[in-house]
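Q: Pasting a structure below so you can have a look.
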Amino acid sequence: MADELSKVYEPKEIERLADEIWLKGNYFHTEPPAKGGRKTPAYTIMIPPPNVTGALHLGHAIDNTLQDVLIRFKRMQGFNTLWLPGTDHAGIATQSVVEKNLKGQTGQTRHDVGREKLVEMIWDWKKQYGNRILEQLKRIGASCDWQRTRFTLDEICAKAVRHTFVNLFKKGLIYRGKRLVNWDVVLQTAVADDEVVHKTIQGNFWYIHYPLVDPSQSDAAGDSGFVTVATTRPETMLGDTAVAVNPKDKRARKLVGKKVHLPLTGRQIPIIADDYVKLGEGTGFLKVTPAHDPNDYEIGLRHKLEMLNILTPDGKINENGGKYAGLDRYEARKAVVEDLKAQGLLEKVEPREHEVGHSDRSGDIIEPYLSDQWFIKVEPLAKRAIKAVESGKIKFHPERFARTYLDWLYGIRDWCISRQLWWGHRIPIWYCQKCGHINTGVEDPDECEKCKSKNLQQDPDVLDTWFSSALWPHSTLGWPDETEELKFYYPTNTLVTGRDIITLWVSRMVMMGLENMDEVPFTDVFIHPTILDGNGERMSKSKGNGIDPIDIIETYGSDAMRFSLCQMTTESQDIRLPVITDNLGRNISDKFDIGRNFCNKLWNASRFAMMNLEGVDFDSFDRKKMTITDKWILSRLAQTVKEVTAMLDEFKISEPLMEIYRFFWNDLCDWYLEWIKPRIKDAGQKDVPQNVLAFVLDMTLRLLHPFVPFITEGIFQKLNEIAPKRGLKNIIEFKTTDALIIADWPMGSTHSTSSGQAGSPQANMDDFIEPEIENEIITVQGVVRAIREIRNKYTVPPGKKLTATTNAPAKIAKILNDNADLICDRAGLDKFSASPKEVKPQNAAAAIVEQIQVFVQGLIDAEAERRRLEKQKEEKLTAVKTNEAKLANANFISRAKPEVVEQTKQRLVELKKQLEAIEKNLAELKN
RNA sequence: GGGCGGUUAGCUCAGCUGGUUAGAGCGCCUGCCUUACAAGCAGGAGGCCACAGGUUCGAGUCCUGUACCGCCCACCA
């Protein structure tokens with residue numbers, strides 16, 4: 036790198052440089068103390084493992100940026116920080132992608148290639164694309180311990196899965212049963228309730244007649260000789276095994292116990308009474324299809340009805356469907372309707388909107404389907420998970436999301452964990468082909484534990500992906516082995532994720548963590564907002580409104596993206612990001628301008644510093660030579676450090692960042708840097724401002740590093756070259772580090788054991804805080820602004836020096852006189868003075884700043900002046916009226932807090948004085 | 001059907017325990033290429049804080065209701 040920072044901020048160059056430094060120092064890697072790691076407390080985050088074949092999207096970008104902010108913050112605070120990265124095999128998602136691919140390329144299905152071959156193909160796919168997302172994460176600056184990267188199908192995780200399964204099975208918490216499950220006929224597997232999305236679709240309501248077997252007793256049915264049922268899925272009638280009616284229905288008494296002919300099948304089915312059937316709903320008669328409807332299933336159980344399955348796994352009618360066998364379910368629907376019509380049994384068809392479950396993965400309509408599945412009896416696990424949150428052991432941020440978690444756990448139902456897929460953790464169950472015994476074990480058994488037969492067959496199913504995800508916080512650290520890592524890093528500290536997987540994942544990790552480790556997996560759950568497009572819609576590829584974070588990094592830089600994302604991370608639940616298309620056809624958003632502009636400003640302010648820190652001498656610093664501006668900027672810095680640290684500890688992201696932004700831009704750049712320009716160029720005066728500048732910049736870089744790591748690291752490196760020794764002699768001394776990433780946080784750590792170590796700023800920054808000085812500078816700035824406004828209104832050329840006088844109470848006049856040079860410098864004056872006796876000179880423009888009247892001489896444009904004063908008068912008048920009204924209210928005087936009343940009185944006196952002054956000036960104008 | 005958010009400047013959002021004249025960034029207007037920065041500097045305009053009630057001396061802030069927008073959960077034929 037050249038000696039001087041390049042004139043233009045180039046994100047790519049600095050990203051490369053910082054990466055190189057971090058890689059060389061291996062700063063992301065960490066070890067537990069027993070293995071030679073740092074003997075400081077642990078701070079651990081487990082990455083929510085992204086889908087192995089996925090690509091980075093903005094959701095990942097924000098999620099991982101926030102994790103990185105926390106990790107870098109804690110690392111600088113001296114914690115032994117582990118951020119463990121990894122990916123999820125995402126069973127159903129990955130397999131369906133590969134299957135789709137196969138179909139597209141060769142037209143084959145998985146059954147054509149067979150299990151072994153398909154799994155091999157998926158592994159190939161995984162090898163090809165598996166680490167893509169991790170590589171992309173590196174570009175956003177994720178400081179993960181890449182040496183500890185895990186994959187949910189790694190042996191270390193697989194071992195944990197087998198142990199968990201076996202333990203739960205032996206405890207009786209895992210069972211197998213024939214149940215009605217959500218069946219995806221495309222992927223031919225069961226899916227969990229939460230993998231089903233309900234969509235409203237336009238369908239029909241078909242009214243069908245079921246003739247009574249004994250028409251002579253049909254008076255209750257209106258002498259019609261039949262009952263009418265209504266359904267949205269007419270083909271399911273092939274599986275009907277009863278017709279139900281509410282026992283309170285008038286028709287029930289006569290009909291219950293009778294039978295009807297089930298059309299098209301030749302079967303006769305009973306009419307039964309069941310409370311589930313609602314009075315006045317539909318026709319009052321409900322066709323009961325226990326094998327293909329969850330409610331009917333319950334009714335079937337209650338009445339011990341036959342469960343007649345009429346579907347094949349791929350969604351065709353099976354042999355139970357008689358002549359319809361072999362037809363696809365929707366072809367069958369048509370045929371059934373046609374046949375019913377032909378037989379005069381179709382009463383009518385009504386269009387009807389209704390909710391239909393669709394597979395989250397294949398998008399196809401889910402069929403309730405009766406099959407053998409494995410389940411976890413979750414209630415006992417859920418109880419502990421509920422307690423963990425209710426007792427405060429685990430905290431949600433923001434708190435309201437605990438509601439989502441608890442509501443779900445309170446209403447939890449058994450979890451179907453088996454999937455009829457080939458990609459995933461195989462269920463560790465072996466059926467003895469000889470005696471039928473069910474064997475389980477963490478290793479493949481050689482023989483049946485009961486009859487010793489060697490003829491065992493493993494269950495063909497795999498486990499739901501969330502089963503292994505649920506173990507993530509402890510399986511990745513080596514459980515069930517008692518590794519040093521597990522001992523030291525578990526329980527982890529913070530889980531950072533979006534609210535969409537609170538139930539799917541967060542709750543299950545808590546249940547499994549408590550079950551296996553007897554300890555919660557993390558203590559804090561940080562839920563961040565979801566990013567939506569400008570219309571408030573979720574971003575997705577199919578809608579074309581998605582933004583690729585890599586495009587943003589290319590366009591604005593990684594730091595700029597991170598800055599903007601952090602800036603948007605407030606406690607709200609959504610972030611709207613209006614999408615625009617650039618001239619390269621990429622989706623971007625000008626919301627990222629703020630980050631880019633900020634980085635550019637930081638870059639240039641640093642350039643200014645570098646240009647003026649040449650030869651800075653730490654030992655030359657003399658605190659007695661500090662001016663008010665030096666003290667002021669240190670006070671502002673200290674205040675910022677304090678607030679930022681506190682807010683980060685509360686999982687606030689936007690607020691602290693904007694606090695630093697204001698400090699850096701508005702205080703440091705707008706005022707301090709300008710004020711020291713003359714001093715810093717003067718050999719006799721430069722020592723103090725140079726040291727203060729180097730110190731303040733250093734601290735600012737530390738504060739900013741978690742948010743914008745690349746640029747701050749790059750500048751820090753340069754600062755190390757030009758000002759190797761930084762601090763304020765005899766006040767604050769510290770050793771600089773080779774890299775900012777491991778530099779100490781300005782306030783040290785909130786954790787006692789890590790404060791006071793070598794290299795720490797050792798700063799009780801609070802000592803710098805001086806409110807009187809801050810007020811003094813605010814007064815000075817106010818006067819400067821008033822004069823600038825006059826200059827603007829009168830379009831005074833920038834170079835032209837003016838003269839100003841002020842009338843102010845003695846105390847304030849003294850402050851102003853003491854700082855006359857600062858005011859002259861920033862307001863473009865050659866002369867400035869203040870006094871309580873000062874009166875407005877002839878031909879002067881006037882302004883009011885609180886208790887101060889400012890007169891700028893030699894300017895007179897009566898009309899312009901009148902307009903300015905009139906506007907000021909208006910403002911004051913409104914304020915006076917408001918305050919007068921308050922004080923005129925007897926209740927205000929008697930009930931408001933005395934100090935508020937006093938404040939209001941004072942305020943009114945001030946305002947009236949100001950108003951008087953303005954009116955006086957106005958009167959003078961008229962003369 | 002149940003639960004949870006949101007509604008503040010043209011746009012995207014802050015506004016924590018109620019108390020001076022409601023803030024920021026972008027956009028807009030005026031003037032500046034002032035040797036750190038035009039991705040910038042200085043100044044400015046712009047708001048019955050969704051609506052209706054209520055509590056209070058005082059409400060953007062607390063309570064109730066209404067309207068729209070969004071999310072999550074839910075087995076209704």
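Taking the numbering used here, the leading residue of the first sequence gets 36, the next gets one more, and so forth.
Where a beta carbon is used, it is the ideal one built from N, C-alpha and C, also for glycine.
(1) Quick one, are the C-beta atoms of residue 546 and residue 505 less than 8 Å apart?
(2) Scan the segment 440-490 and note each continuous beta strand (DSSP E) run of 3 residues or more that stays entirely inside, going in chain order.
(3) Restricting to Cα atoms, I'd like to know which of 365, 386, 528, 355 is closest to residue 238.
(4) Would you list, in sequence order, the uninterrupted alpha helix (DSSP H) runs of no fewer than 4 residues that lie entirely inside the segment 495-520?
(5) Spell out the partners DSSP gives residue 346 in its beta bridges.
(6) Mind checking residue 298: buried by the 16 CB within 10 Å criterion, or exposed?
(7) Classify residue 238 as helix, strand or coil using the three-state DSSP reduction.
(8) Whole angstroms are fine: how far does the CA of residue 429 sit from the CA of residue 526?
(9) Quick one: what's got a C-beta closer than 8 Å to residue 833's C-beta in the same chain, skipping five residues either side?
(10) Let me confirm a value: residue 364 is counted as buried when at least 16 other C-beta atoms fall within 10 Å, else exposed. Which label applies?
(11) Mind checking which residues open and close the beta strand (DSSP E) that includes residue 410?
(12) Does the contact criterion of 3 or more C-beta pairs under 8 Å hold for the segment 473-492 versus the segment 169-179?
(13) Whose CA, out of 498, 673, 424, lies closest to the CA of residue 559?
(14) Quick check: what's the CA-CA separation for residue 276 versus residue 301?
(15) Output the boundary residues of the beta strand (DSSP E) element that contains residue 533.
(16) Give me the Cα-Cα distance between residue 679 and residue 108, rounded to the nearest whole angstrom.
(17) Check whether the segment 750-764 and the segment 712-732 touch, using three or more Cβ-Cβ pairs below 8 Å as the test.
(18) Where residue 513 and residue 183 are concerned, what is the direct C-alpha to C-alpha distance, given to the nearest angstrom?
(19) Taking only runs of the alpha helix (DSSP H) that begin and end inside the segment 898-940, which ones reach a length of at least 4 residues, in chain order?
(20) Starting from residue 303, follow the beta strand (DSSP E) in both directions and report where the run begins and ends.
(21) Spatial neighbours of residue 878 within its chain, please: C-beta separation below 8 Å, excluding the five flanking residues on both sides.
(22) Is it true that the segment 115-123 meets the segment 76-96, where meeting means three or more beta-carbon pairs spaced less than 8 Å apart?
(23) Under 8 Å, do residue 672 and residue 803 count as touching if we go by C-beta distance?
(24) Which residue from 479, 293, 554, 171 puts its Cα closest to that of residue 201?
(25) How is residue 538 classed by DSSP in three states: helix, strand or coil?
(26) Is there contact here, the segment 559-576 with the segment 136-154, by at least three beta-carbon pairs under 8 Å?
(27) Is it buried or exposed for residue 44, if we count other Cβ within 10 angstroms and need 16 for buried?
(28) Taking residue 337 as the reference, which of 381, 417, 279, 361 has the closest Cα?
(29) Is residue 324 closer than 8 Å to residue 392 when the C-beta atoms are compared?
(30) Mapping the DSSP letters down to three states, classify residue 256 as helix, strand or coil.
(31) Are the CB atoms of residue 350 and residue 231 nearer to each other than 8 Å?
(32) Rank 339, 389, 227 by C-alpha distance to the C-alpha of residue 395 and give the top, closest one.
(33) Quick check on residue 58: buried or exposed, where buried means 16 or more other Cβ atoms within 10 Å of its Cβ?
(34) To the nearest angstrom, how far is the alpha carbon of residue 710 from that of residue 937?
(35) Start and end of the alpha helix (DSSP H) containing residue 870?
A: Answer, in terms of the structure:
(1) Yes, the pair counts as a contact, with Cβ atoms nearer than the cut-off.
(2) Considered as a whole, the segment 440-490 harbours 464-467, 473-475 as its complete beta strand (DSSP E) runs of no fewer than 3 residues, in chain order.
(3) Of the candidates 365, 386, 528, 355, the one whose C-alpha sits nearest the C-alpha of residue 238 is 386.
(4) The qualifying runs are 500-504, 507-510.
(5) DSSP output for residue 346 lists 352 as bridge partner(s).
(6) Burial state of residue 298 is buried, judged by a 10 Å Cβ sphere holding 16 or more other Cβ atoms.
(7) Residue 238 falls in the strand class under three-state DSSP.
(8) CA-to-CA, the gap between residue 526 and residue 429 works out to about 11 Å.
(9) Apart from the 5 residues on each side of it in sequence, residue 833 sits with its Cβ closer than 8 Å to the Cβ of 863 in its chain, given in chain order.
(10) So residue 364 counts as buried.
(11) DSSP places residue 410 inside the beta strand (DSSP E), whose first and last residues are 402-411.
(12) With a cut-off of 8 Å, the segment 169-179 and the segment 473-492 do not count as touching, because too few Cβ pairs lie within range.
(13) Of the candidates 498, 673, 424, 424 places its Cα closest to the Cα of residue 559.
(14) One alpha carbon belongs to residue 276, the other to residue 301, and they sit about 12 Å apart.
(15) Where residue 533 is concerned, the enclosing beta strand (DSSP E) stretches over 527-533.
(16) Using only the alpha carbons, I get a separation of about 11 Å.
(17) These segments touch.
(18) Cα to Cα, the separation comes out at about 11 Å.
(19) Whole alpha helix (DSSP H) segments, 4+ residues: 925-930.
(20) Run containing residue 303: 302-308, per the beta strand (DSSP E) assignment.
(21) Annotation for residue 878: 892, 893, 894, 895 place their beta carbon closer than 8 Å to its own, counting only its chain and skipping 5 residues before and after.
(22) The answer is yes - the segment 76-96 touches the segment 115-123, with three or more Cβ pairs under 8 Å.
(23) Between residue 672 and residue 803, the gap from beta carbon to beta carbon is short of 8 Å.
(24) In terms of Cα proximity to residue 201, the closest of 479, 293, 554, 171 is 479.
(25) In the three-state DSSP reduction, residue 538 falls in the helix class (H, G or I).
(26) These segments do not touch.
(27) By the neighbour-count rule (16 or more Cβ atoms within 10 Å), residue 44 is buried.
(28) Each of 381, 417, 279, 361 was checked against the Cα of residue 337, and the nearest Cα belongs to 279.
(29) No; because the gap between Cβ atoms is not below 8 Å, this pair is not in contact.
(30) Unreliable placement is indicated for residue 256, whose pLDDT of 49 sits below 50; no coordinate value is reported for it.
(31) Their beta carbons are not under 8 Å apart, which means residue 350 does not touch residue 231 by this criterion.
(32) Minimum Cα distance to residue 395 is reached at 227.
(33) So residue 58 counts as exposed.
(34) Approximately 38 Å between the Cα atoms of the pair.
(35) Here residue 870 belongs to no alpha helix (DSSP H); instead the beta strand (DSSP E) covers 864-870.
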